[in-house]
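**Q**
There are 2 protein chains.
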Amino acid sequence: MFIQIEPLSNVPIYEQVTRQIIEGIARGDMGPGDTLPSVRSLAADLGVNMHTVNKSYHELEAKGIITIRAKSGAIIRSTEERALTPEQLQQIEKNLKPVVAEGMVLGATVDQIEHMMKKVFADLQLPAEGV
Amino acid sequence: MFIQIEPLSNVPIYEQVTRQIIEGIARGDMGPGDTLPSVRSLAADLGVNMHTVNKSYHELEAKGIITIRAKSGAIIRSTEERALTPEQLQQIEKNLKPVVAEGMVLGATVDQIEHMMKKVFADLQLPAEGV
DNA sequence: TATTTGTTATATAATAAGTATAACAAATAT
DNA sequence: ATATTTGTTATACTTATTATATAACAAATA
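Note that the protein sequences, when read in sequence, are chains A and B.
Just so you know, this note's numbering puts the end of the first sequence at 148, numbered straight through with nothing missing.
Just so you know, this note's numbering puts the end of the second sequence at 148, numbered straight through with nothing missing.
Below, the structure is given as structure tokens:
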């Protein structure tokens with residue numbers, strides 16, 4: 018699997034796992050209907066505890082990105098199933114705000130920030146385009 | 018002062034303080050050369066401990082946003098002093114990535130995300146325009 | 001000179017993060 | 001049918017983080 022844990026990071030391991038799975042889906046490495054590896058096997062792969070991965074999966078479920086079927090596995094939901102509610106949109110905006118504010122205070126221009134946005138989009142989408 | 022603490026938030030208090038000071042600067046509520054309130058007075062205002070605010074100030078200093086003069090106070094640095102190094106730009110991009118990725122996976126379009134960006138920009142800049 | 005300032009130190013408590021084992025019952029594979 | 005794998009649940013433990021509470025120090029300021 019594509020996940021790489023940075024043990025010295027200030028970002029918790031379960032959060033690193035969550036983010037990298039999300040980025041993997043955005044990048045098209047895996048898509049709707051695909052099953053995630055079992056918490057035990059992924060934990061063994063990453064060299065971390067089962068519960069750490071389990072926490073990440075439940076975070077993904079809370080975000081509406083996957084469905085966990087008890088005693089079976091975790092499946093990536095389809096785009097139709099993931100509604101994109103107004104609450105979710107608002108949450109994204111709330112997450113965006115401190116990042117943008119920090120960038121501006123550090124002296125980044127609107128153009129610079131929008132340029133970075135495009136880089137992030139490209140980084141997440143281009144590999145899929147290459148198929 | 019404009020800072021509002023949400024005690025039930027999963028975001029640590031010192032981090033809430035840091036973010037809201039940054040947003041205050043971005044919004045133009047306070048600018049370069051201005052001094053932040055003393056850690057003791059702000060802590061009293063917010064009803065939190067001195068060290069919590071102190072931690073926030075040192076985080077702001079580490080980000081290059083303020084300068085702490087020992088036994089004197091904390092001053093907001095000028096835009097010229099805040100260099101905006103390539104490392105900082107890269108950090109902003111790194112912060113942006115998981116937020117954008119999550120938005121996309123949840124089904125937000127590029128246009129929707131860019132529209133939210135503009136809302137955030139407006140929210141941070143318009144009040145200053147009104148002066 | 002008295003007050004305020006950031007700094008430093010120590011102590012304590014609560015919560016979060018992470019690991020370690022173990023057992024259960026349902027789902028799946030053989 | 002049996003064995004394995006699965007997510008779930010429970011308990012226990014360690015460590016780090018967050019936050020508070022006091023106190024004292026020395027420099028800056030009023």
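Glycine included, C-beta positions come from ideal geometry on N, C-alpha and C.
(1) Looking at the strands, I want to know which residues DSSP matches up with R86 (chain A).
(2) Could you tell me the boundaries of the alpha helix (DSSP H) in which L63 (chain A) lies?
(3) Using the rule of at least 16 other Cβ atoms within 10 Å of the residue's Cβ for burial, across every protein chain shown, is Q107 (chain A) buried or exposed?
(4) Would the C-beta of G64 (chain A) count as close to the ligand MN, meaning under 8 angstroms from any of its heavy atoms?
(5) Step through the CB atoms of chain B and report whether any lies within less than 9 angstroms of the CB of D140 (chain A).
(6) Could you list the residues in the region 102-134 of chain B with a C-beta less than 8 angstroms from some C-beta on chain A, going in chain order?
(7) Just the Cα atoms here: how many angstroms apart are M47 (chain A) and D51 (chain B)?
(8) Alpha carbon to alpha carbon, how far is K80 (chain A) from G147 (chain A)? Give it in angstroms, no decimals.
(9) Alpha carbon to alpha carbon, how far is V127 (chain B) from G90 (chain B)?
(10) Can you give me, in chain order, the residues of the region 74-85 of chain A that have a beta carbon less than 9 angstroms from any beta carbon in chain B?
(11) Taking contact to mean 3 or more Cβ pairs, one atom from each stretch, closer than 8 angstroms, check whether the region 31-45 of chain A and the region 108-121 of chain B are in contact.
(12) Using a Cβ cut-off of 7 angstroms, pull out every chain A residue sitting near V137 (chain B), in sequence order please.
(13) Ends of the alpha helix (DSSP H) at I30 (chain B)?
(14) What separation, rounded to the nearest whole angstrom, lies between the Cα atoms of G64 (chain B) and D140 (chain B)?
**A** In brief:
(1) A:G90
(2) V56 to L63
(3) Flag for Q107 (chain A) reads exposed.
(4) In the structure shown, the ligand MN is absent, as is every other ligand, since no ligand is present at all.
(5) yes
(6) Q105, L106, I109, E110, N112, L113, K114, P115, V116, V117, A118, E119, G120, M121, V122, L123, G124, A125, V127, Q129, I130, E131, M133 and M134
(7) 50 angstroms
(8) The predicted position of G147 (chain A) is uncertain, since its pLDDT is 42 and thus under 50; no value can be drawn from it.
(9) 43 angstroms
(10) K80, G81 and I82
(11) Verdict: yes, contact present.
(12) E110, L113, K114 and V117
(13) I30 to R44
(14) 27 angstroms
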